[in-house]
Each structure stands twice: as structure tokens, then as C-alpha cells.
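**Q**
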Amino acid sequence: MANDGAAKLSKNLLRMKFMQRGLDAEVKKQLDEEEKRIISDDHWFLDLPELKAKENHIVEERSFVPCEDLVYGRMSFKGFNPDVQKLMLLMNAHKEEEEDEEEDETLSRMETDITDEEMARRYESLVGSMRKKFAKKRDRSAITRTEEDVNCNIADYPPKRAFMKPQD
Amino acid sequence: MDTVHARFKDKIGEVLLPGDVFSFRLPEDGHGDGNIKTEKIICGPGLRRNGEEVQVCKSGILRHKQPNLYWIDSQQRRYVPAKGESVIGIVTAKSGDIFKVDVGGSEQASLSYLAFEGATKRNRPNVQVGDLVYSQFTIANKDMEPELVCIDSCGRANGMGVFGADGLLFKVSLGLVRRLLAPQSEIVKDLEKIFPFELVVGMNGRVWVKAKTVQQTLIVANLLETCENMTSQQRQTLFRRVAEGSL
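Same order as they appear, the protein sequences are chains A and B.
First residue of the first sequence? That's -11 in my numbering, and the numbers climb one at a time after it.
First residue of the second sequence? That's 336 in my numbering, and the numbers climb one at a time after it.
1. Would DSSP call B/Y414 helix, strand or coil?
2. Run through chain A and tell me which residues come within less than 8 Å of B/Y469, C-beta to C-beta.
3. Nearest to A/A150 by CA position, among A/K121, A/D127, A/Q18 and A/H31, is which residue?
4. Using the three-state DSSP reduction, which class does B/M479 fall into: helix, strand or coil?
5. Which residue comes first and which comes last in the alpha helix (DSSP H) that contains A/T62?
6. Run through chain B and tell me which residues come within less than 7 Å of A/L58, C-beta to C-beta.
7. So, is A/E90 buried or exposed, given that buried needs 16 or more other C-beta atoms within 10 angstroms?
8. With a CB to CB cut of under 6 Å and the five nearest residues on each side skipped, what residues in its chain are close to B/S358?
9. Alpha carbon to alpha carbon, how far is A/D101 from A/K152? Give it in angstroms, no decimals.
10. Contact between the stretch 462 to 474 of chain B and the stretch 398 to 413 of chain B is defined here as three or more beta-carbon pairs at a separation below 8 Å; is this criterion met?
11. With a threshold of 8 Å between beta-carbons, can A/L39 be considered close to chain B, or not?
12. By the 8 Å beta-carbon criterion, what residues does the stretch 398 to 409 of chain B contribute toward chain A?
13. Per DSSP, which residues does B/F472 bridge with? Please list them.
14. Quick one: what's got a C-beta closer than 6 Å to B/K344's C-beta in the same chain, skipping five residues either side?
15. Do B/F530 and A/K66 come within 8 Å of each other at the CB atom, strictly closer than that value?
16. Taking only three categories from DSSP, how would you classify B/F451?
17. Along the chain, which unbroken stretches of the beta strand (DSSP E) at least 3 residues long are found entirely within the stretch 536 to 573 of chain B?
18. Output the boundary residues of the alpha helix (DSSP H) element that contains A/Q8.
19. Quick one: what's got a C-beta closer than 6 Å to B/G499's C-beta in the same chain, skipping five residues either side?
20. What would DSSP say about A/E93, mapped onto helix, strand or coil?
21. Is the beta carbon of B/K528 less than 8 Å from the beta carbon of B/A578?
22. Buried or exposed for B/N493, going by 16 or more other Cβ atoms inside 10 Å?
23. Whose Cβ in chain A lies nearer than 7 Å to the Cβ of B/A417?
24. Excluding the 5 residues flanking A/R62 on each side, which residues of the same chain have their C-beta closer than 8 Å to its C-beta?
25. Against chain A, does B/K346 count as a neighbour if the rule is that its beta carbon must be under 8 Å from one of theirs?
26. Who are the Cβ neighbours of B/S445 in its own chain at under 8 Å, not counting the five residues just before and after it?
27. Which residues in the same chain as B/H399 place their Cβ atom closer than 6 Å to its Cβ, once the five residues preceding and following it in sequence are excluded?
28. If A/L58 sits next to B/A517, beta carbons under 8 Å apart, how far is it from one beta carbon to the other, in whole angstroms?
29. Using the beta-carbon of each residue, which ones in chain A are nearer than 7 Å to B/P531?
30. From A/E105, A/C55, A/I27 and A/S28, pick the residue whose C-alpha is nearest to that of B/G381; which is it?
31. Going along chain A, which residues have a C-beta under 9 Å from B/R541?
32. Are the CB atoms of A/I131 and A/K121 within a distance shorter than 8 Å?
33. Taking C-beta pairs closer than 8 Å, name the residues in chain A that B/L534 reaches, listed in chain order.
34. Please report the straight-line C-alpha distance between B/H366 and A/E38, rounded to a whole angstrom.
35. Please go through the same chain and pick out, in chain order, the residues whose beta-carbon is closer than 7 Å to the beta-carbon of B/L515, but skip the five residues on each side of it.
36. Interface residues of chain A around B/G537 at Cβ under 8 Å?
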């Protein structure tokens, strides 16, 4: 096969990447064009005039709920069922929020279970406890010392015990 | 389109009969598009699209809501399932993976057992034949069997599902249901003052009431049923009498 030379190799083989590294740019371009022609010939397309989809200006709506802005169907009065009263607030507040957003574009805050202050306090202690968890045993006591020292009396924080190279 | 809205505007508040047509010819594509803004018109219940016309198919009064919603306000007792509406259904059969629920329409709706909050294949919801369920339609058209679900798109129940260990279920007309569920409903405001109770209203005309004692439950049920044909004056006098008298 080595004696035959390039003439006997198939077209597909010649189109492979490793065979094209040695080619010139022109030959490469020709090969590319041939490939594109083959691919576009294979493509089928419909020989029809372009049809524009008719825009539908009329939309049908079968339910009364958006027409009259009906409220949520479960209701409870005078505290008969507290779960349902909570639900009433939730579902009807949803609707009111939508109306408000249309009128003024203020960002509505999400209803939170915990206030922001509680969240900040929690994160404060969380950061400290995580730091202690991953600190080495020697550093843990140093951290508790600095935490207890609220007035920042300890000057160096934290005093890292590193290896001190001897002077000479 | 100005012409369209103008034609509708003439008739807002007027009584229309089935067969009335609002027709407007839309401009051919190309020429008029620059001047005329093609706005959407939303046809509510009672109005139907027929090609490029809007036909009235129920007799009633034409109503309008900004910006482009029109519908016919009419009365009926028979419920026709519509997508997105919340209804009270009665479970009539359990077959394999679905429950058959009677919603008062022309055929029974199906409710899959996975359509409850926290339901999995192993963890089936506790629903028996004869239970009341408050659920929403996901599929409701004239060609297919209606389907119900008891969760919303986020997977939360939002108050839907089986309810009502006690209490009374009765049927009212659809017009009264809409009056009860209107945003600032007077009937509800008047009812509130009488005594504490719980109320579930389904868009299919079914109402479920529960109060502390059987008597109170019956009183509320009777009040709601009679409210239908009373003017607000009569209603208020009646409610006042009940509030003073019966308790």
C-alpha cells in the first residue's frame, strides 16, 4: 500500500483531518466547497411560497375568574379555622400585590419568617463557630479568647504560632 | 383597533342575544399596519370567535374590563368546566391510579393520585369514595375528559385537597357563586357579622358550610340559598333579624 501513493486513497480518507494537515490552503478550500455542495444537495426543502401565520387578535377566555377578579374560594370568619384565614391572606395578598405592582413600581418585599436582624445575628455566630470548627486545636483557644474580649484589649489578633527560624 | 373597541363600547351594559355578531374586517397585510395598532381583544364567557368575527352565544349583558376584556354576564345553574377554575368535587370511584370526581358537569373529571402535595408512588394520599375535594382544572374543554389537580404549578397545595369532616354541602346558582366571590362582596360582609363559620365556595355552584353547631350551619345554608333572589335591602333586614333573633 505504501507503493501506491496518494492516487489510490479514497476521497473520504483524504478528507480526514490528519491527511489535510499537509495540504495547502487552496486545496483545503476546494475540498470544503465540495463537501458543502454535497451536503446542500442532500437537503430537502419544500417548494412552496412563504406563508405568513395569521396573527390572532381575538383570544378566547372561558373562565369567569379573570373577568370579575374573583377571590379565593376558601374562607373562614371570626377565627373559625385559623389555617384558612392565613391562606386567605396569602392568596388574596398575591392578587393585591399584582395590582400594586401595576400602579407603582416599588419592589415588594417577600414575607419572611425571621426578621433581617435575627438573620444577621445568626450569621454572626455561625461565622464564628465555623471558623472554630476548621481551626487547628491550638488556634481554637486563641479564638475563644478574642471572642470573649469584647473591648478589643488584646493587641495582636490572632497570634499565630508559627515556626520561628533561628537567627543564626 | 379603534373601530373594534368602538363597536363594543356602544353595547356595553346592553342586553345582547345569541346570534349578535361583531364583525370587523382586519386590514390586508402590508398596507394598514403602520397606522392601526393591532390590539388583542379578549373574549370572555358568552362570546365566541368565529373566524374574524365575534359572536354572542349567551343572552345577557355585555360587560367590559380594562384594557380589552369583554364578556357576557348571564345566569345559569349548569356548570361547564373551564380551565383554571377551582371547584368542589365529590369522589365517586377509585380506579387504579386515578380518582373519578363528580363536579356537576356533563362528565366526571379524573384526579390523579400524584396530584396531591407530598404524594409519591409509595405515599398515597388518603382519599376515600365520598370525600369532598377542592381542586383546580388543568384540562377542561369540550373534546376531552376534564382533569383536576390539587396542587399548583409549584407543587404546593394552597388549601386544595380533601376537606370537610363535618359541615353541609349544598348547591346554588352560578350567579350567586360569582357574587359571593366578588372582591368586595356585600353578602360575605353581611354574613361575617353573624357568627364564626367556615365557607368553601366552588365555581361549579357547590358551597360547603361549617359552623359550631348544626343549627348555625343550617342557618347559614338557608341564608345563602335565599340570598339569591333578594335585593340588598331585604337581605340586610333578614340578616339583622337573624343576628338578633336566633342566637
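All C-beta atoms in this analysis are idealised placements derived from N, C-alpha and C, irrespective of residue type, glycine included.
**A** Quick look at the numbers:
1. Coil.
2. In chain order: G61 and R62.
3. For A/A150, the nearest C-alpha among the options comes from A/D127.
4. Note: B/M479 maps to coil in three-state DSSP.
5. Checking the displayed sequence, the identity of residue 62 of chain A turns out to be Arg instead of Thr. Secondary structure note for A/R62: it is in no alpha helix (DSSP H), and the uninterrupted beta strand (DSSP E) holding it is R62 to F65.
6. Under the 7 Å cutoff, chain B gives R513, L516 and A517.
7. For A/E90, the predicted model reports a pLDDT of 49, less than 50, meaning its position is unreliable and no value from the coordinates is stated.
8. The answer, listed in chain order, is E388.
9. Residue identity differs from the one stated: residue 152 of chain A is Met in this sequence, not Lys. If I take the Cα positions, the gap works out to 51 Å.
10. Short answer: they don't touch.
11. Taking 8 Å as the threshold, the shortest C-beta distance from A/L39 to chain B does not fall below it.
12. Those would be R398, K400, L404 and W406, in chain order.
13. For B/F472, which the question treats as bridged, DSSP gives the partners B/L483.
14. Apart from sequence neighbours up to five positions away, no residue of its chain approaches B/K344 with a beta-carbon distance below 6 Å.
15. Yes, these two residues count as a Cβ contact at 8 Å.
16. In the three-state reduction of the DSSP assignment, B/F451 falls in the coil class, being assigned neither a helical nor a strand state.
17. For secondary structure counted as the beta strand (DSSP E) over 3 or more consecutive residues, the stretch 536 to 573 of chain B holds these complete runs in sequence order: 541 to 546.
18. First-last of the alpha helix (DSSP H) with A/Q8: K5 to Q8.
19. Within the same chain, B/G499 has close Cβ partners L467 and W543.
20. Interpretation of A/E93 is limited by its pLDDT of 44, a score under 50 that renders its predicted location unreliable; the figure taken from the coordinates is listed afterwards. Coil at A/E93, not helix or strand.
21. Going by C-beta atoms, B/K528 is nearer than 8 Å to B/A578.
22. Counting Cβ neighbours within 10 Å, B/N493 comes out buried, since at least 16 surround it.
23. What B/A417 touches in chain A: R50 and S51.
24. So the qualifying residues of the chain are V72, L75 and M76.
25. It does not: the Cβ of B/K346 has no partner Cβ on chain A nearer than 8 Å.
26. Taken in chain order, the residues that qualify are I433, F434, K435, V436, E480, P481, E482 and L483.
27. If we look at B/H399 and ignore the five residues flanking it on each side, its Cβ neighbours are I347 and Y405.
28. Taking 8 Å as the upper bound for CB-CB distance, A/L58 and B/A517 are in contact here, some 7 Å apart.
29. What B/P531 touches in chain A: F65, K66, G67 and F68.
30. Of the candidates A/E105, A/C55, A/I27 and A/S28, the one whose C-alpha sits nearest the C-alpha of B/G381 is A/C55.
31. The premise fails here: B/R541 is roughly 10 Å from chain A at the closest Cβ pair, so nothing lies under 9 Å.
32. No; because the gap between Cβ atoms is not below 8 Å, this pair is not in contact.
33. Within chain A, the residues near B/L534 are R62, M63, S64 and F65.
34. Annotation note: pLDDT 42 at B/H366 (below 50); position unreliable, coordinate value reported separately. The C-alpha of A/E38 is placed about 18 Å away from the C-alpha of B/H366.
35. Cβ neighbours of B/L515 beyond the five flanking positions: I522, V523 and V536.
36. Neighbours of B/G537 on chain A, chain order: G61.
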